Amino acid sequence: MAVGARSGRDEGEERPDDAVERDAVERDAKDGDAKADGAVKRPHRSFWKELPLLVGIALLLALLIKTFLVQAFSIPSDSMQNTLQRGDRVLVDKLTPWFGSEPDRGEVVVFHDPANWLSGEAAPEPNIAQKVLFWIGLMPSAEEKDLIKRTIAIGGDTVECKKGGPVVVNGKELDEPYIFPGNTPCDDFPFGPLTVPKGKIWVMGDHRQNSQDSRWHQQDETHGFVPVDEVVGRAVVVAWPVTRWSTLPVPETFDQPGIGTQAAATALGLGASGLAPVGLGPAALGFAGAVPVVLWRRRRLTAGRTGR
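Numbering of the sequence shown is given in this note's numbering, commencing with residue 995 and proceeding in unit increments.
So this is what it looks like as structure tokens:
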């Protein structure tokens, strides 16, 4: 063979198998583009289709918040005037009791009726719909009987009040500026000295002459003491009406040296005589918590459609 002769085809000439391979690659690329275009053009789910998910998450969060974190209660009586007025809504901290925190002196607390204190007060029979709405935190319960009072003494304390004198806890006289104007500390029902059993608290209303508190139930099975296990939580904020918004701090009189070690309180809310729970707080918080969850889900779905 002469020098420079070719072996049978030019080097630039395309082989049949090369063309087949190139066509396959081009087809795959076109198919991929078509799929991507279809994903991008796929319509997003409308807000109305997302709404049931939003409502469902909101209700779940409301239930969890009402059960474990915070609940609103309505004040139906005058027993805590002037600190709380009839019709006020207070927020109750239900979280700290889960960590072993117990009520401390001076805290306003909500507790379940310990020994039929509310006997004689009729409660309407709720229907199934009302029970369901209460369970998810959207309306008050007609069955629960809760009260709201101020914790005056805790387990191990000695408490007493003589006619014409102040309330005395562990030998320390209490200056009580929160008592309803014109009331006396206990002239209508003097008591003591009494030693509060461990795991119990002694409670009194701020409107002393209009409060059926521990003093009036010393003949009951609990002898007027409220078991800590019956405490729902500490009332920390008057949330409604807006003109009454305020916090419910522990009065300075309970910080006296020698009165006892006062625990730092982080709890929220308790109720009043005949206290009615209000589900608006948990429901609103649940809805607010559900919105970012749904938006996050929508963002993920959108990202998946665009092939990011």
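Note that the Cβ used here is the ideal one computed from N, Cα and C, for glycine as well.
Because the structure is a prediction, the values reported are computed rather than measured.
With 16 other Cβ atoms within 10 Å as the buried cut-off, status of residue i
i: Lys1192; result: exposed
i: Gln1065; result: buried
i: Trp1239; result: exposed
i: Thr1077; result: buried
i: Gly1199; result: buried
i: Ile1173; result: buried
i: Asp1140; result: buried
i: Pro1187; result: exposed
i: Trp1171; result: Sequence inspection shows Pro at residue 1171; the Trp mentioned does not correspond to that position. By the 10 Å Cβ count, Pro1171 comes out exposed.
i: Trp1042; result: exposed
i: Gln1075; result: buried
i: Ser1068; result: buried
i: Asp1223; result: exposed
Residue i to residue j span [Cα, whole Å]
i: Pro1070; j: Gln1079; result: 8 Å
i: Lys1194; j: Ser1040; result: 55 Å
i: Val1161; j: Arg1202; result: 11 Å
i: Leu1168; j: Leu1242; result: 18 Å
i: Pro1221; j: Phe1105; result: 9 Å
i: Trp1234; j: Gly1165; result: 37 Å
i: Gly1252; j: Val1163; result: 10 Å
i: Val1231; j: Val1190; result: 27 Å
i: Thr1237; j: Arg1083; result: 12 Å
i: Lys1156; j: Asp1072; result: 24 Å
i: Glu1154; j: Ser1095; result: 25 Å
i: Ala1258; j: Glu1044; result: Low local confidence applies: a pLDDT of 32 at Ala1258 is under 50, so the model's placement there is unreliable, with the coordinate-based value given in what follows. Cα-Cα distance, rounded: 43 Å.
i: Gly1159; j: Thr1247; result: 16 Å
i: Pro1097; j: Val1244; result: 11 Å
i: Gly1254; j: Ala1109; result: 28 Å
i: Asn1204; j: Thr1178; result: 11 Å
i: Asp1151; j: Asp1107; result: 22 Å
i: Gln1250; j: Thr1216; result: 28 Å
i: Gly1149; j: Gly1081; result: 32 Å
i: Trp1111; j: Gln1213; result: 11 Å
i: Ile1122; j: Leu1085; result: 26 Å
Beta bridge counterpart(s) of residue i as assigned by DSSP
i: Ile1148; result: Ile1195
i: Pro1221; result: Lys1194
i: Arg1228; result: Asp1087, Val1103
i: Cys1155; result: Val1161, Phe1185
i: Thr1241; result: Val1231
i: Glu1167; result: Val1162
Cβ distance (whole Å) where residue i is taken to contact residue j below 8 Å
i: Gly1218; j: Trp1196; result: 7 Å
_Sufficient close CB pairs (3 or more, under 8 Å) joining the stretch 1222–1230 to the stretch 1069–1089_ = yes
_When you compare the stretch 1092–1111 with the stretch 1138–1149, are there three or more beta-carbon pairs, one atom per stretch, that lie closer than 8 Å?_
yes
_Check whether the stretch 1171–1183 and the stretch 1196–1210 are in contact - that is, three or more C-beta pairs closer than 8 Å._
Touching, per the Cβ criterion.
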